[in-house]
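Asks:
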Amino acid sequence: MKLKPPITLAWTRFTSCSGCQLMLLNCESSLAELAQVVALREFPLATSTECKDEEIDVGLVEGSITTPSELERLLALRRKVNLLVAVGACALTGGVNSLVRGERRQAMTEVYAGQADEWNTFPPQGIEHFVKVDGQIPGCPPEQGELLNSIGALLHGGWPGHQVMPVCMECRINENPCLLERDCAPCLGPITLAGCNARCPSLGVPCEGCRGVVAEANRDELRRLFITAGLTEQDIRHRLERFGEAP
Amino acid sequence: MTDFLSPNYLLTPSTLDTLADAITKLSPLAPQVNADGLCRLQPLSEGVLSSQALSSFVPLKKVFLPPREKLWSFQSGQFSALKQPEPFAVVGVPLCDLQALWYLDQVFADDLPYQNRRARALVVGMPCEQDKECRCDRQLMPLAGDLFLDQEHAWALSPAGEALLRACGAGETTNKPLPWPTASAGTRPMLTEEQYRSAADAAIWAEAAKGCLSCGACSVVCPTCYCFDMLDESATDGSVTRNRSWDNCFFAEHAKVAGGHDFRSGRANRLRFRMEHKFFGFGALHGQNSCVGCGRCRTVCPVDIDLDQIATRLSGEELA
Ligand code: SF4
Ligand code: SF4
Ligand code: SF4
Ligand code: SF4
């Protein structure tokens, strides 16, 4: 369905750091152009106005769902948007918010002491856990180009295609020395969806897996390589947990 | 094959200098080892004549078939024209990569962006030192390129190469064959297509492919791998750009078609497919081995998948 510009767009934030919004705000050279084709009805980092429209073309969701009231807002949003897009690791898998998975009770007590019970929260979840999601823009934070191209594709009534391949492919194309091989570093490149142009390994930092796990990832083999490289099962679990991908 | 036919010129020091100057003007790329130990094809920092052929991590193909390229863009009813590259040179190309270039020339014979770059490039081969992974073989396929240079001789591999040699004053010809390494570090296994086909259900495929990470490294470094994907990008200004970028047959969507059907599901099938391409070729090039024996793939593979080793097991011989 080709949408007629300006398309109405509501950026809704749940539990997140607002970094995804910042990535779009930082696309300075494209903002004027964007304003021509998009009518932004909600964007918390720029305005406190909440979307009052009864129908919206596209809802962009940032953040994980951690409270019953967030869940209610998410369901209400789904009812009024034609297309719902999950933006960033939090909205996709729970992201860094889901770090405490498993040790939640203990962590709550450590941080909030006697007030731990006053918070009506549940373990952070990606939005697909609750509602139908029409498009995903992965990353923590997402790539600016991907944000803009996704909006550009929506204007044409489509959704951008992606190469389903791991970060290693981009890393090798960039002719980086492999950190896993050279330094026995716990690089998640082999199982992480590409699209960031191997941002971290190209700077000498092992991939953290922020873009989520690639289709048909060979986790067993990576685990074997990690163990050979001297990591423990616990190291591996912590590594995978960072972006909500613990087994 | 081609190398026996290449006219060879005896070079005087002054001809050699003139030639080196002519090449230097073409801002040559050359394989050079960086501080991190990786050899990359990059702008030449030293003189042309002190170059030598080295096996770069990513081979020569990246110059003619870039890892990512814009094929065209479309805005307000207008297609943008392909940009013509400036003339350029690549020096220090090893013989195996010259063979691989011949192979890619066949595959991309009708591809405009590839041919545009080829037409503007002067590709200069040089003698190499054999590495322990090298299994090159002059019989595998012909070679392409323009010149082959050592310190005293030049071989004209193309009419453009020959014209340049003459323009630089080279005259006296000899009948020296191209300096292929004599004692190959190992020989390529002899696997017949019949052996390959009859082993379709052999356990070795699943066994060997089990560890494959589908990381893509093997096709990035292979001088004759050319698979690509095409993706369109729509900008917010309404323009659309078509890009092509390297792909790998181990990726989950390489053989996926509309409706989600997968012609090659699972890594065992994909490994067989890769093997088929490297040993027996496809389409118009069926019957043409496409592995030049450079050894890059088995060196780079994080889980040590080695096509030659698999071929050896399938053909029942032992690897040298
Ligand atoms: S450094 Fe990481 S991303 Fe790069 S090739 Fe090695 S494992 Fe893959
Ligand atoms: S380099 Fe090895 S692990 Fe990576 S895709 Fe190729 S065969 Fe698989
Ligand atoms: S040895 Fe490997 S990388 Fe080299 S040509 Fe053969 S298949 Fe390609
Ligand atoms: S099919 Fe596989 S082996 Fe053949 S060119 Fe493509 S990636 Fe390389």
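Chains as they are written, first to last, in my numbering: chain F, 1054 to 1300; chain X, 268 to 587. Backbone N, C-alpha and C fix where the C-beta goes; we use that ideal spot for every residue, glycine too.
1. Determine whether the Cβ of F530(X) lies closer than 8 Å to any Cβ atom of chain F.
2. Can you list, in chain order, every residue whose CB sits closer than 6 Å to a heavy atom of ligand 3?
3. Counting only C-beta atoms, is E1086(F) closer than 8 Å to chain X at any point?
4. Are three or more beta carbon pairs between the region 1089–1098 of chain F and the region 1141–1159 of chain F nearer than 8 Å?
5. Keeping to the same chain, check which residues put their C-beta closer than 7 Å to that of A587(X); ignore five residues upstream and five downstream.
6. Quick one: using the 10 Å Cβ neighbour count with 16 as the cut-off for buried, is E1223(F) buried or exposed?
7. Per DSSP, M1222(F) forms a beta bridge with which residues?
8. Helix, strand or coil for L286(X) per DSSP?
9. What are the start and end residues of the beta strand (DSSP E) that includes L277(X)?
10. Looking at the strands, I want to know which residues DSSP matches up with E1115(F).
11. Which chain X residues are close to R1292(F), counting only those with a beta carbon under 7 Å from its beta carbon?
12. For a contact meaning CB atoms closer than 9 Å, what does L305(X) contact in chain F?
13. Determine, using beta carbons only, whether C363(X) comes closer than 8 Å to chain F.
14. So does A1247(F) have its beta carbon nearer than 7 Å to some heavy atom of ligand 2?
15. Helix, strand or coil, according to DSSP, for Q1089(F) in the structure here?
16. For Q1189(F) and V1134(F), what's the separation of their Cα atoms in angstroms?
17. The beta strand (DSSP E) spanning D1273(F) covers which residue range?
18. Helix, strand or coil: how does DSSP classify T579(X) here?
19. Going by the DSSP bridge assignment, what does P298(X) pair with across the sheet?
20. Considering F547(X), what are the terminal residues of the alpha helix (DSSP H) in which it resides?
21. Consider the Cβ of D573(X): report whether some Cβ of chain F lies at a distance smaller than 8 Å.
22. List, in chain order, every chain X residue whose beta-carbon is nearer than 9 Å to that of E1274(F).
23. Over the uninterrupted beta strand (DSSP E) stretch that includes K337(X), give me the two end residues.
24. Considering only the alpha carbon of each residue, which of Q366(X), E353(X), E461(X) lies closest to R405(X)?
25. Quick one: Cα of C516(X) to Cα of V1111(F), how far?
26. What is the rounded straight-line gap between the Cα of L463(X) and the Cα of C1221(F)?
27. Does the region 427–436 of chain X come into contact with the region 542–549 of chain X, if we say contact requires no fewer than three beta-carbon pairs (one atom in each stretch) closer than 8 Å?
28. Measuring straight from C-alpha to C-alpha, what distance separates C435(X) and A470(X)?
29. Straight-line CA distance for A589(X) to H420(X)?
30. Taking only beta carbons into account, state which residues of the region 1208–1221 of chain F come closer than 8 Å to chain X, listed in chain order.
31. Report the option in G1167(F), A1270(F), A1063(F), Q1159(F) whose CA atom is closest to the CA atom of T1100(F).
32. Using only the alpha-carbon positions, how far apart do L1278(F) and L1246(F) sit?
33. Would you mind working out which of F415(X), A467(X), D468(X), D288(X) sits nearest W630(X), comparing C-alpha positions?
34. If the cut is a Cβ gap below 7 Å, which residues of chain F does D504(X) touch?
35. Shorter than 7 Å, the distance from the beta carbon of V1220(F) to the closest heavy atom of ligand 1, or not?
Replies: Here's the rundown:
1. no
2. V488(X), C489(X), P490(X), T491(X), K545(X), C558(X), V559(X), G560(X), C561(X), G562(X), R563(X), C564(X), L574(X)
3. yes
4. no
5. Confidence at A587(X) is low in this model, with a pLDDT of 47, below 50, so its placement is unreliable and no value can be given for it.
6. buried
7. In the DSSP output, where bridge partners are listed per residue, M1222(F) has none listed.
8. helix
9. 275–277
10. R1066(F), V1140(F)
11. The premise fails here: R1292(F) is roughly 16 Å from chain X at the closest Cβ pair, so nothing lies under 7 Å.
12. E1228, N1229, P1230
13. no
14. no
15. helix
16. 15 Å
17. Unbroken run through D1273(F) is the alpha helix (DSSP H), 1272–1281; no beta strand (DSSP E).
18. helix
19. L308(X)
20. 534–547
21. no
22. K477, G478, C479, L480, P569, V570
23. 335–342
24. Q366(X)
25. 35 Å
26. Correcting the residue identity first, residue 463(X) is Tyr in this sequence and not Leu. Those two C-alpha atoms are separated by around 30 Å.
27. no
28. 58 Å
29. Shown here, chain X extends from 268 to 587; a query on residue 589(X) therefore has no answer.
30. L1208, H1209, G1211, P1213, G1214, H1215, Q1216, V1217, M1218, P1219, C1221
31. A1063(F)
32. 19 Å
33. Outside the displayed span of chain X (268 to 587) sits residue 630(X), for which this structure offers no information.
34. E1086
35. yes
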